[in-house]
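Shown next, in structure tokens, is the structure this report addresses.
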Amino acid sequence: MNGILDGFSKIGSSVVGFFAAIGGFFGRFGQAMARGDIFVKLSLIWWGAGYIRRKQYIKALLMTLLEIAVVVFTLNFAMRYVPKFGTLGTVQAEQTFNIATMQTEWNDYDHSFMILLFSLFSFVVWAVAAFTCLQNVISCYQLQLDAEAGRHINNFVDDIRDYLDKKFHITLLSLPVLGIVVFTLIPILLLILVAFTNYDQQHMPPSALFTWVGFANFSTLFGGGITSTFGYAFVRILGWTLCWSFFATLSTYIGGILVSMLLNSKLTRATGLWRTMLVITIAVPQFVSLLLMRNFFANNGILNTICANIGLTQLLRNLGLITTSYIPFLTANGWAHATIILINIWVGIPYQMLIATGVLMNLPNDQVEAARIDGASPFQIFRNITMPYMLQVTGPALVTDFVKNFNNFNVIYLLTQNVFVTTNQLMANSQAREVDLLVTWLFTLTQDYYNYKMASAIGIMVFIVCAVFTMIGFNFMISGDKEGTYQ
Amino acid sequence: MSKKTTKVILHNAFIALLCIIWIIPIVWLVCTSFSAAPGMNTSTFFPNGWSAVHYKLLLTPDSVNQFPTWFMNTLKIACFTCIISTMLVVMVAYAMSVPKFKGRKAMMNFAVLLNLFPGMLSMIAVYFTLKTFGLTNSHIGLIFVYSASAGLGYLVAKGFFDTVPRSLCEAARIDGCNEAMIFWKIVMPTSKPIIVYTVISSFLVPWMDFVYAKIILNAGIAENYTVAVGLYRMLDKSLINTYFTQFCAGGVLVSIPISILFMIMQKFYVEGVTNGSVKG
Chain A
9 MNGILDGFSK
19 IGSSVVGFFA
29 AIGGFFGRFG
39 QAMARGDIFV
49 KLSLIWWGAG
59 YIRRKQYIKA
69 LLMTLLEIAV
79 VVFTLNFAMR
89 YVPKFGTLGT
99 VQAEQTFNIA
109 TMQTEWNDYD
119 HSFMILLFSL
129 FSFVVWAVAA
139 FTCLQNVISC
149 YQLQLDAEAG
159 RHINNFVDDI
169 RDYLDKKFHI
179 TLLSLPVLGI
189 VVFTLIPILL
199 LILVAFTNYD
209 QQHMPPSALF
219 TWVGFANFST
229 LFGGGITSTF
239 GYAFVRILGW
249 TLCWSFFATL
259 STYIGGILVS
269 MLLNSKLTRA
279 TGLWRTMLVI
289 TIAVPQFVSL
299 LLMRNFFANN
309 GILNTICANI
319 GLTQLLRNLG
329 LITTSYIPFL
339 TANGWAHATI
349 ILINIWVGIP
359 YQMLIATGVL
369 MNLPNDQVEA
379 ARIDGASPFQ
389 IFRNITMPYM
399 LQVTGPALVT
409 DFVKNFNNFN
419 VIYLLTQNVF
429 VTTNQLMANS
439 QAREVDLLVT
449 WLFTLTQDYY
459 NYKMASAIGI
469 MVFIVCAVFT
479 MIGFNFMISG
489 DKEGTYQ
Chain B
104 MSKKTTKVIL
114 HNAFIALLCI
124 IWIIPIVWLV
134 CTSFSAAPGM
144 NTSTFFPNGW
154 SAVHYKLLLT
164 PDSVNQFPTW
174 FMNTLKIACF
184 TCIISTMLVV
194 MVAYAMSVPK
204 FKGRKAMMNF
214 AVLLNLFPGM
224 LSMIAVYFTL
234 KTFGLTNSHI
244 GLIFVYSASA
254 GLGYLVAKGF
264 FDTVPRSLCE
274 AARIDGCNEA
284 MIFWKIVMPT
294 SKPIIVYTVI
304 SSFLVPWMDF
314 VYAKIILNAG
324 IAENYTVAVG
334 LYRMLDKSLI
344 NTYFTQFCAG
354 GVLVSIPISI
364 LFMIMQKFYV
374 EGVTNGSVKG
């Protein structure tokens, strides 16, 4: 509980810090506008003005060109899409026969998705431009202060040199940040917006338009609507996802520690051989090993043959646990859940073993020795020394693992796609299966049913759940932040 | 036999049992790949007849199986991804570690936040964006998908750069080095383990990934596939009885180089993370 509160207070203080930084930025801008000379003020409209005054002609030219580029972008590109952002388009696509050219032609229709995407892109560009503009005024004012105080004014070569020295981090970060903005940030913002539209199979551009619907998708997700079963499926899938993340994380974590302790024991011979055997199982790509497992555990697969031969299948039938002539490892509710967690233990323990081995190497040995001399049993040592140490060091990783398992697409999809078929009509109505995680459900909804609106709403819910759990772990992360300890 | 010897034997026997359980699926994979029959053997663990004919079939393309092409496709994508990702990761990691600029902590927190969104969600939007530019079903699109956001995975490398002694950088600065020179001449040469780790791990991404490749290469053109998508297709209900053994053979052929690289990567990871860099 303390962790949660601490986490919140840390988030709170970083939010406060963020707004304080914004406030500081505008404060500096206000100061620059109030106390700057006419050129500083002019540079709000003409970005190059302040630099002309200080004889930085190349920089002035570059800033002017940049400003022209923004204006051209706005007039020629953004203005075609942004005005339609409020409605996401009104002109339905239609084909008409043109008498003059004797051909069937499309009218000048609106493409809702393009409008959404390019408007968002324009907003991002404008936000960056606005920031550049304000920052530019501040820089010009700084130049004025430097000039008045008689300090050295950079020429263009000095500026370039700065980007390899004092401002080297900007040079380094510009390209990666561009990649992240285009391939992660904009897509995320886009899908957040889609969650508030009715973009689905009935509203697929270019042949149809989609539009804003407010919170309708979220109310569907929480059980609203008359015929909708999304609420029913959502609660069940969320429950299984949480349950799965908990067991998958805990089982592999504890298992990994136990296996690595076994291997590190003084009694073990040929440690390297055993470790290699375990690690080989994760070195094989997951799509190979998991697809193999799925056939290994299939209804007519090899494991079922073995179970039938040793009489296990008959035994389970007699006990009334199964009614089929095979054990439905991956095809029946309940059985499939258990098998998936079991297979995940197979996948996950070697990983955790590798991590735990690294951490256990640094285990304070004197404590263990002292405890042993005092007559502590191996279990007591494990409970009171090894585990607390492991938790302290790998606590943040445990939280990350939980979030990773929450979004563990590969294991579920590769093991159950086309294998597990739900018999629950209510689940089937919302294209969900009992073994689905929220992410695999989201994937099926988009890939097979084009239901982007619901997928986006689910995606936002996934984010919220992950954020809450990370917030709890945030506390560990900051206290576990060892940056600078070794310097 | 002394009590101690018995204990050692029991202990090792237990570990051996554990390892054998773990290795069973891999053994099954290798054995089945040498089966003489094309479909899945469901009656016995070991195949009834042994033969390497399916390796030969795998390497001769037919309408479904284009393994040599898939392998080259994946290799090509992996090489480009590796170069771009490594560059981006090292750049971000260094910028977040060494120069202590304003707003650094805020950027790091923002990266944590971005990582919380399921990658699948942004993939759908990326797919549409790529489609707008005609880059779906192309390898360039896939390379972008794998490498463009690589900067977000900077944490391991940053952890390493954090251990480079600042006194070294200070000394270089006094000798007249600027930040860029410190980056190239001081930090890079001492960071070999972590760079090798980054290179290998980003090289492995296209080999290990299945879902992004499936989303981007969705047109069903077999010669465009990567190994993962191609092998997955072989297990379609209509194809599995003809291609299961070839799937296993393909799995073995892909796994060998990947396992070797993975083992090397592990070694460098341990070297990079536990040993630190330079003893200052």
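First to last, the protein sequences are chains A and B.
Going by the numbering used here, the letters in the first sequence line up with residues 9 to 495, in that order.
Going by the numbering used here, the letters in the second sequence line up with residues 104 to 383, in that order.
C-beta: ideal position from N, C-alpha, C; glycine also.
Since we're looking at a predicted model, the values are computed, not measured.
Open item on the list: When you compare the CB of B/LYS110 with every CB in chain A, is at least one pair closer than 8 Å?
Closed with: yes
Open item on the list: Does the structure place the stretch 95 to 110 of chain A close enough to the stretch 147 to 159 of chain A that three or more beta carbon pairs sit under 8 Å?
Closed with: no
Open item on the list: Among B/ILE359, B/THR293, B/GLY354 and B/ILE367, whose alpha-carbon lies nearest the alpha-carbon of A/LEU299?
Closed with: B/GLY354
Task: Straight-line Cα distance separating A/ALA28 from A/PHE34 - done: 10 Å
Task: Three or more C-beta pairs below 8 Å linking the stretch 182 to 190 of chain B and the stretch 291 to 302 of chain B - done: yes
Task: Length of the line joining the Cα atoms of A/ALA405 and A/TYR359 - done: 12 Å
- [ ] Specify the secondary structure class of B/GLY379 as computed by DSSP and reduced to three states.
- [x] Here the model assigns B/GLY379 a pLDDT of 45, short of 50, so the residue's position is not dependable and the matter cannot be decided.
Task: Beta carbon proximity, A/MET435 to chain B, threshold 8 Å - done: no
Task: Which residues DSSP lists as bridging B/SER138, in chain order - done: B/TRP153
- [ ] Determine the closest residue to A/PHE254 out of A/PHE85, A/GLY44 and A/ASP409, with distance taken between C-alpha atoms.
- [x] The residue with the shortest Cα to Cα distance from A/PHE254 is A/ASP409.
TODO: Return the CA-CA distance between A/VAL163 and A/PRO184, expressed in angstroms with no decimal places.
DONE: A small correction: the amino acid at residue 163 of chain A is Asn; Val does not occupy that position in the sequence shown. Approximately 28 Å between the Cα atoms of the pair.
Open item on the list: So, with DSSP's three-state summary, where would you put A/PHE255?
Closed with: helix
Task: Beta-carbon proximity of A/ASN106 to A/THR237, cut-off 8 Å - done: no
TODO: Count the other C-beta atoms from every protein chain shown that fall within 10 angstroms of the C-beta of B/LEU161, then say buried if there are 16 or more, exposed otherwise.
DONE: buried
- [ ] May I ask which residues mark the beginning and end of the beta strand (DSSP E) holding A/PHE105?
- [x] 103 to 106
Task: Closest by C-alpha distance to B/VAL156, when choosing among B/SER146, B/THR145, B/THR135 and B/MET175 - done: B/THR135
TODO: List the residues of chain B that A/VAL447 touches, going by C-beta distances under 7 Å, in chain order.
DONE: PRO221 and MET223
Task: A/THR112 - containing alpha helix (DSSP H), residue span - done: Segment 111 to 114 is the beta strand (DSSP E) holding A/THR112; no alpha helix (DSSP H) there.
- [ ] Kindly identify the DSSP beta-bridge partner or partners of A/THR205.
- [x] A/TRP220
Task: Own chain partners of A/ALA86 with C-beta closer than 7 Å, once the 5 adjacent residues on each side are dropped - done: SER130
Open item on the list: I believe A/ILE194 touches A/LEU128 by the beta-carbon criterion, under 8 Å. Please report the beta-carbon distance rounded to the nearest angstrom.
Closed with: 6 Å
Open item on the list: Taking a contact to mean a Cβ-Cβ separation below 8 Å, would you say A/TRP354 touches B/TRP125 in this structure?
Closed with: yes
TODO: Could you name the residues of the stretch 133 to 151 of chain B whose beta carbon sits closer than 9 Å to any beta carbon of chain A, in the order they occur along the chain?
DONE: THR135, MET143, ASN144, THR145, SER146, THR147 and PHE148
TODO: State the DSSP-derived secondary structure class of B/ALA119, mapped to helix, strand or coil.
DONE: helix
TODO: Output, in chain order, the set of chain B residues within a Cβ distance shorter than 8 Å of A/LEU199.
DONE: LEU224, SER225, ILE227 and ALA228
- [ ] Could you tell me whether the stretch 443 to 454 of chain A touches the stretch 409 to 425 of chain A, where touching means 3 or more Cβ pairs closer than 8 Å?
- [x] yes
TODO: For A/ASN452, name the three-state secondary structure that DSSP assigns.
DONE: Reading off the sequence, residue 452 of chain A comes out as Thr, not Asn. Under the three-state reduction of DSSP output, A/THR452 falls in the helix class.
Open item on the list: Quick check on DSSP: helix, strand or coil for B/ASN281?
Closed with: coil
- [ ] Apply the 10 Å Cβ neighbour rule to A/ASP166 and answer buried if 16 or more other Cβ atoms are within range, or exposed otherwise.
- [x] The residue is exposed, with fewer than 16 neighbouring Cβ atoms inside 10 Å.
Task: chain A contact residues for B/TRP125, given Cβ-Cβ distances below 9 Å - done: MET285, LEU286, ILE288, THR289, TRP354, ILE357 and PRO358
Open item on the list: Cβ closer than 7 Å: which chain B residues qualify as neighbours of A/THR454?
Closed with: The contacting residues are ILE227.
Open item on the list: At a CB distance below 7 Å, what residues from the stretch 167 to 196 of chain B approach chain A? Give them in sequence order.
Closed with: LEU191, MET194 and VAL195
Open item on the list: Check whether chain A comes within 8 Å of B/GLN369, counting only Cβ atoms and requiring the distance to be less than that.
Closed with: yes
- [ ] Run the CB neighbour count on B/TYR257, radius 10 Å, all protein chains shown included, and call it buried at 16 or more, exposed below.
- [x] With 16 or more other CB atoms across the displayed protein chains lying within 10 angstroms of its CB, B/TYR257 is buried.
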